[in-house]
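Asks:
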Amino acid sequence: MDAHQAPLHIAVFPWLAFGHMIPYLELSKSLAKRGHQISFLSTPRNISRLPKLPPNLSSLILFIPLPLPKVHGLPENAESTSDVPPEKVKFLKIALDGLQQPFAKFLSESSKKPDWIILDFATHWAPSLASKFSIPCIFFQVFSSSSMAFLGPPHELSQSGSSRKKPEDLTVLPDWIPFPSNLAYSLHGARLFFQGLFDTSSGVSDISRFGSTLHACKVIAPRTCMELEPQYLPLLQDLYNKPVIPVGLLPPSTNTKTSIHTSATDNAILNWLDKQRPRSVVYIAFGSEATLSIELLHELAFGLEMSELHFLWALRKPVGFVGEVLPEGFEERTRERGVVTMGWVPQLDVLGHLAVGGFLTHSGWSSVIEALHFGHPLVMLPLFVDQDIITRVVEGRGFGVEVKRKEDGSFDGEAVASALRLVMVEDEGKELRLKAKELSEDFGGKERQEHAKAMPLRATISGLPFLPLKARWPSQLLGPLLHTSIVCIPLLEVSS
Numbered sequence: 093m094d095a096h097q098a099p100l101h102i103a104v105f106p107w108l109a110f111g112h113m114i115p116y117l118e119l120s121k122s123l124a125k126r127g128h129q130i131s132f133l134s135t136p137r138n139i140s141r142l143p144k145l146p147p148n149l150s151s152l153i154l155f156i157p158l159p160l161p162k163v164h165g166l167p168e169n170a171e172s173t174s175d176v177p178p179e180k181v182k183f184l185k186i187a188l189d190g191l192q193q194p195f196a197k198f199l200s201e202s203s204k205k206p207d208w209i210i211l212d213f214a215t216h217w218a219p220s221l222a223s224k225f226s227i228p229c230i231f232f233q234v235f236s237s238s239s240m241a242f243l244g245p246p247h248e249l250s251q252s253g254s255s256r257k258k259p260e261d262l263t264v265l266p267d268w269i270p271f272p273s274n275l276a277y278s279l280h281g282a283r284l285f286f287q288g289l290f291d292t293s294s295g296v297s298d299i300s301r302f303g304s305t306l307h308a309c310k311v312i313a314p315r316t317c318m319e320l321e322p323q324y325l326p327l328l329q330d331l332y333n334k335p336v337i338p339v340g341l342l343p344p345s346t347n348t349k350t351s352i353h354t355s356a357t358d359n360a361i362l363n364w365l366d367k368q369r370p371r372s373v374v375y376i377a378f379g380s381e382a383t384l385s386i387e388l389l390h391e392l393a394f395g396l397e398m399s400e401l402h403f404l405w406a407l408r409k410p411v412g413f414v415g416e417v418l419p420e421g422f423e424e425r426t427r428e429r430g431v432v433t434m435g436w437v438p439q440l441d442v443l444g445h446l447a448v449g450g451f452l453t454h455s456g457w458s459s460v461i462e463a464l465h466f467g468h469p470l471v472m473l474p475l476f477v478d479q480d481i482i483t484r485v486v487e488g489r490g491f492g493v494e495v496k497r498k499e500d501g502s503f504d505g506e507a508v509a510s511a512l513r514l515v516m517v518e519d520e521g522k523e524l525r526l527k528a529k530e531l532s533e534d535f536g537g538k539e540r541q542e543h544a545k546a547m548p549l550r551a552t553i554s555g556l557p558f559l560p561l562k563a564r565w566p567s568q569l570l571g572p573l574l575h576t577s578i579v580c581i582p583l584l585e586v587s588s
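Numbering of the sequence shown is given in the numbering used here, commencing with residue 93 and proceeding in unit increments.
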């Protein structure tokens with residue numbers, strides 16, 4: 093920050109999922125490094141489960157606990173999507189909507205009113221409360237720009253205005269994407285996504301939450317970069333007709349031991365990896381929310397067994413499930429070449445280990461970014477939300493393949509084994525492995541993304557900044573780019 097620029101107070105309020113909270117925390121850390129004061133709002137238990145802050149930033153990032161109101165149907169102490177089965181996420185949204193008064197109280201009682209508020213999709217009511225205090229809002233989208241472009245322009249993002257009336261409408265490229273593209277859902281994925289997008293059991297559907305937040309925020313900030321999604325960022329600006337500024341991929345910090353999760357189990361996992369050959373191990377994980385049915389878990393296990401590859405599987409039981417989840421005798425038969433752990437896994441340490449050579453993932457955007465950061469090719473099993481679209485993006489960029497599935501979304505062990513061997517060892521997969529390494533060297537690294545994490549509020553509150561993807565905006569709103577090299581187009585340092 094220049095000496096004449098006063099630091100800002102920026103409030104940050106993510107949705108109650110760790111796949112959202114962690115990127116919001118990474119963005120907060122980047123802003124704090126530039127001297128800005130951050131108020132990070134979440135629930136008490138979620139705050140306690142976040143990675144600890146580096147000592148040099150602890151005075152600049154203040155965690156503001158907002159306890160959730162009691163909601164019938166929401167389990168005791170459930171404060172994130174990882175605490176509940178999918179059918180109970182609606183109760184989390186109801187509880188989140190009950191935070192309007194505490195949020196307004198925070199805005200009114202802050203010793204220094206926030207200059208900006210960075211919001212997620214779910215808090216559709218926050219911009220109207222912020223406007224009462226003349227505080228502008230930014231919608232930080234933790235989704236890919238491809239996914240957001242597929243959702244469409246603002247008039248499509250409402251319960252009644254959407255032209256998509258049935259799941260099959262999601263299996264074709266929409267009219268507003270004017271260039272050739274492979275973006276489309278499988279029929280199985282479309283049915284799941286359609287059901288979730290238009291479900292009103294929380295009182296407000298997700299598509300309406302997206303639309304309201306998008307309409308009310310002054311700036312849209314996707315978690316992506318021009319080099320990875322060069323066609324979709326300009327398209328988003330056309331669709332939204334407002335500033336769209338990529339914040340970079342926000343690869344997470346890997347050089348800190350401040351996480352609360354360090355344990356003997358972590359050490360045992362890393363010690364096991366130390367004994368494996370370089371790039372010989374496939375890592376399997378599906379994030380903090382996604383789970384497979386017992387039948388599909390068994391097929392995945394059979395596929396790992398048939399592949400004859402070394403593996404590390406971070407297995408998450410379905411919430412509330414009691415009993416054995418693995419096929420009888422699986423661990424005994426594979427103990428010489430595989431490890432299954434049901435606790436928390438230090439994923440960044442695992443992906444960064446020399447023994448790991450590939451990643452079997454659900455295609456969550458954060459997982460794709462982490463794999464890209466370390467140059468790993470992907471085997472993909474998209475499960476819900478926008479993961480079908482992300483899978484198409486990865487396939488289009490040539491660093492991953494999807495496990496072949498049936499129309500109902502099921503798969504068998506042979507399909508898993510075939511995809512794993514292609515990506516990990518077979519000659520036909522050599523280009524996938526080379527492409528992953530090439531993309532990592534181009535823009536996956538932490539240092540090359542650092543400028544892109546600096547949130548683009550270069551201009552004053554009275555003049556909105558944005559990346560000039562199109563030249564039609566008034567010149568007084570434009571800010572000079574720091575540079576335009578092969579790294580993801582950087583954002584401008586926050587200033588008053």
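The beta-carbon is built from N, C-alpha and C at its ideal position, and this holds for glycine as well.
Could you please give the first and the last residue of the uninterrupted beta strand (DSSP E) stretch that includes F105?
Replies: Residues 101 to 105.
Asks: By how many angstroms is the C-alpha of S174 removed from the C-alpha of K197?
Replies: Between K197 and S174, the C-alpha separation is close to 28 Å.
Asks: Sort F302, G340, R369, N333 by Cα distance to S458 and report the nearest one.
Replies: Of F302, G340, R369, N333, the residue nearest in Cα terms is G340.
Asks: Taking Cβ positions, are F378 and T453 nearer each other than 8 Å?
Replies: Cβ atoms of F378 and T453: closer than 8 Å.
Asks: Can you tell me where the beta strand (DSSP E) holding L470 begins and where it ends?
Replies: Element bounds for L470: 470 to 472.
Asks: Can at least three beta-carbon pairs, one atom from the segment 133 to 143 and one from the segment 151 to 159, be found at a separation below 8 Å?
Replies: They touch, by the three-pair rule.
Asks: Would you grab the beta carbon distance between S532 and F466 for me? Rounded to a whole angstrom, and I think it's under 8 Å.
Replies: Rounded, the Cβ-Cβ distance is 7 Å, consistent with contact.
Asks: Under the three-state reduction of DSSP, which class applies to T426: helix, strand or coil?
Replies: Three-state DSSP puts T426 in a helix.
Asks: D366: buried (16+ other C-beta within 10 angstroms of its C-beta) or exposed?
Replies: Result: exposed.
Asks: Hey, would you say K310 sits closer than 8 Å to P228, going by beta carbons?
Replies: Their beta carbons are under 8 Å apart, which means K310 touches P228 by this criterion.
Asks: Tell me, please, which residues DSSP counts as bridged to Q233.
Replies: Q233 pairs with P314.
Asks: Could you please give the first and the last residue of the uninterrupted beta strand (DSSP E) stretch that includes S300?
Replies: Element bounds for S300: not the beta strand (DSSP E) but the alpha helix (DSSP H), 298 to 308.
Asks: Would you mind stating whether R371 and G488 have Cβ atoms separated by less than 8 Å?
Replies: No. Outside cutoff.
Asks: Check W405 in the structure and name its three-state DSSP category.
Replies: Note: W405 maps to strand in three-state DSSP.
Asks: Have a look at T433 and D358 and give me their C-alpha separation to the nearest angstrom.
Replies: Approximately 10 Å between the Cα atoms of the pair.
Asks: By a C-beta neighbour count over all protein chains shown, 10 Å radius and 16 as the cutoff for buried, is K185 buried or exposed?
Replies: It is buried - the Cβ of K185 has at least 16 other Cβ atoms within 10 Å.
Asks: Out of L388, K205, V437, state which residue places its alpha-carbon closest to the alpha-carbon of G505.
Replies: Looking at the Cα atoms, L388 is the closest of the given residues.
Asks: Give the secondary structure of T383 by DSSP, where H, G and I count as helix, E and B as strand, and everything else as coil.
Replies: Residue state, collapsed to three classes: coil.
Asks: Under 8 Å, do P469 and V515 count as touching if we go by C-beta distance?
Replies: Yes, Cβ-Cβ distance for P469 and V515 is below 8 Å.
Asks: Kindly give me the distance between the Cβ atoms of W107 and D212, rounded to whole angstroms, as I take these residues to be in contact under 8 Å.
Replies: The Cβ separation is near 4 Å, so the contact holds.
Asks: Taking contact to mean 3 or more Cβ pairs, one atom from each stretch, closer than 8 Å, check whether the segment 245 to 264 and the segment 216 to 227 are in contact.
Replies: Cβ pair count under 8 Å is below three, so no.
Asks: Say whether chain D places a C-beta atom closer than 8 Å to the C-beta of S202.
Replies: Judged by its chain identifiers, the structure shown contains no chain D, having just a single protein chain.
Asks: From I386 to V493, what distance separates their C-alpha atoms?
Replies: So the two alpha carbons sit approximately 23 Å from each other.
Asks: Would you mind stating whether S236 and E321 have Cβ atoms separated by less than 8 Å?
Replies: Result yes, Cβ atoms of S236 and E321 sit closer than 8 Å.
Asks: How close, in whole Å, do the beta carbons of I312 and P335 come, if the pair is a contact with beta carbons under 8 Å?
Replies: Confirmed, about 7 Å.
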